[in-house]
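Numbered per UniProt numbering, the sequence shown spans residues 3 to 192.
Glycine included, C-beta positions come from ideal geometry on N, C-alpha and C.
None of these values were measured; they are calculated from a predicted model.
What follows is a single structure, written as structure tokens, with notes after it.
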Amino acid sequence: INIRRATINDIICMQNANLHNLPENYMMKYYMYHILSWPEASFVATTTDIGEPMDQSTEQLTLEDNRIGKIKLDPTYVAPNEKLVGYVLVKMNDDPDQSNDAPNGHITSLSVMRTYRRMGIAEKLMRQALFALREVYKAEYVSLHVRQSNRAALHLYRDTLEFEVLSIESSYYQDGEDAYAMKKVLKLEE
Ligand code: ACO
Numbered sequence: 003i004n005i006r007r008a009t010i011n012d013i014i015c016m017q018n019a020n021l022h023n024l025p026e027n028y029m030m031k032y033y034m035y036h037i038l039s040w041p042e043a044s045f046v047a048t049t050t051d052i053g054e055p056m057d058q059s060t061e062q063l064t065l066e067d068n069r070i071g072k073i074k075l076d077p078t079y080v081a082p083n084e085k086l087v088g089y090v091l092v093k094m095n096d097d098p099d100q101s102n103d104a105p106n107g108h109i110t111s112l113s114v115m116r117t118y119r120r121m122g123i124a125e126k127l128m129r130q131a132l133f134a135l136r137e138v139y140k141a142e143y144v145s146l147h148v149r150q151s152n153r154a155a156l157h158l159y160r161d162t163l164e165f166e167v168l169s170i171e172s173s174y175y176q177d178g179e180d181a182y183a184m185k186k187v188l189k190l191e192e
């Protein structure tokens, strides 16, 4: 497994992975906005071991097509011999209402394809992103939202990466589930 910076050439695959793995989906232009505005903040995990079966489960591919413009979804290979198995989509917070805050980053989306989970890939993606936020973009802290029921992600953020729970945002998700709003202060050595 190779972890590298995400580029504009990866965003179809990132969107595809997101559609497989999460109910929170985004339009292509939102991926572009991340990669073009903060080109060093987002990362992908890829493999050249393309012989292995890809997770083709379509259970979450029923997103309301209107939100992504009925894009034809195809688990596209990043390159003929490179397959995307995970990504972290990251931005700096550029909300003008919070322009007095210290620079801070936001984890928009993280996922790893099912057959590649529990191998440490998400942790590696996150550590790369946290390092880049701090070193390149001078972020003093990073925030994210996670479903209260998402045990795997909660374990990763709270226990492995030592994020703290800031608050509970009631009915944050479209289906009414609450989110934990989490934050981690970025120290120079991270
Ligand atoms: N149950 C309990 N703990 C788990 C689970 C699980 N199902 N999966 C991973 N962990 C733990 C690991 O044991 C490890 O803990 P350790 O440091 O104590 O050894 C830690 O979490 C990190 O594990 P990784 O192997 O790095 O995680 P993985 O690559 O499997 O990816 C992820 C975790 C991204 C949550 C994956 O399960 C996934 O893609 N889930 C669906 C999408 C999702 O929920 N994404 C997060 C949404 S929140 C957001 O995007 C901001």
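Report the three-state DSSP secondary structure of residue i (helix, strand or coil).
i           : result
residue 3   : coil
residue 48  : strand
residue 154 : helix
residue 168 : strand
residue 39  : helix
residue 33  : helix
residue 27  : coil
residue 21  : helix
Flag this pair as yes or no: are the beta carbons of residue i and residue j separated by less than 8 Å?
i           : j           : result
residue 111 : residue 26  : yes
residue 80  : residue 118 : no
residue 33  : residue 17  : yes
residue 144 : residue 156 : no
residue 126 : residue 5   : yes
Can we count residue i as close to the ligand ACO, meaning its CB is less than 7 Å from some heavy atom?
i           : result
residue 162 : yes
residue 170 : no
residue 203 : This structure cannot settle anything about residue 203, because the visible part of the chain is limited to 3 through 192.
residue 129 : no
residue 135 : no
residue 29  : no
Starting from residue i and walking both ways along the alpha helix (DSSP H), at which residues does that stretch end?
i           : result
residue 136 : 123 to 137
residue 106 : Residue 106 -> not in any alpha helix (DSSP H); beta strand (DSSP E) instead, spanning 106 to 114.
residue 8   : Taken as a continuous stretch (DSSP letters only), residue 8 belongs to no alpha helix (DSSP H), as it is neither H nor E.
Quick one: give me the first and last residue of the beta strand (DSSP E) that residue i is part of.
i           : result
residue 163 : It is not in any beta strand (DSSP E) - residue 163 carries neither H nor E in the DSSP assignment.
residue 149 : 143 to 149
residue 175 : From DSSP, residue 175 is part of no beta strand (DSSP E); its letter is neither H nor E.
residue 81  : No beta strand (DSSP E) holds residue 81; DSSP gives it neither H nor E.
residue 140 : Residue 140 -> no beta strand (DSSP E), and no H or E assigned at all.
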